[in-house]
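> Using our numbering, you'd call the opening residue of the sequence shown number 366 and step up by one each time.
The beta carbon of each residue, even a glycine, is placed where N, CA and C say it ideally should be.
Just passing along the structure, written as structure tokens.
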Amino acid sequence: MSDRKKDLFYKEVEGRMESLKRRPSEKEKATRSEKINVTFNVIIGLVILLGVIFTLLRVLGGS
366 MSDRKKDLFY
376 KEVEGRMESL
386 KRRPSEKEKA
396 TRSEKINVTF
406 NVIIGLVILL
416 GVIFTLLRVL
426 GGS
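Quick look at the structure:
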């Protein structure tokens, strides 16, 4: 390979890789649908947990 092709390869590929390595990674913001999904999952989890607690209280208290 000629020096010119090596320089172009380095500039295009290796140069970009070096700049990406030096930059700190950016944290992606959660989209609206992801926030809704997390909220929905937390609410469902709490409802299930409350259902289990009330069921245990009925079983233990009703005997």
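Using the Cα positions of Gly416 and Asn402, report the straight-line distance between them to the nearest angstrom.
Cα-Cα distance, rounded: 21 Å.
> May I have the straight-line CA-CA distance separating Lys394 from Ile408, to the nearest angstrom?
The straight-line gap from Cα to Cα measures roughly 22 Å.
> If you draw a straight line from the alpha carbon of Phe405 to that of Met382, how long is it in whole angstroms?
In a straight line, the C-alpha of Phe405 is about 39 Å away from that of Met382.
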